[in-house]
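Right, one structure below, let's go through it.
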């Protein structure tokens with residue numbers, strides 16, 4: 001948390017996640033993970049609604 005106030009986002013992600021925010025693959029993988037989580041949420045919601 002402390003680094004987020006002192007460093008650029010790109011530097012924090014490299015330091016703590018060893019990822020490069022400037023690479024398209026970072027964003028593609030992030031969106032795929034998010035999409036999977038949304039799908040999971042929708043499935044759970046639909047199960048509760050029926």
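In this note's numbering, the protein residues as written are 1 to 50.
Backbone N, C-alpha and C define an ideal beta-carbon position, used for all residues, glycine too.
Residue i in three-state terms, based on DSSP
i: residue 20; result: coil
i: residue 49; result: helix
i: residue 30; result: helix
i: residue 35; result: helix
i: residue 44; result: helix
CB contact flag (residue i, residue j, <8 Å)
i: residue 15; j: residue 3; result: yes
i: residue 21; j: residue 10; result: yes
Residue i versus residue j - alpha carbon distance
i: residue 35; j: residue 17; result: 20 Å
i: residue 45; j: residue 13; result: 32 Å
i: residue 39; j: residue 23; result: 25 Å
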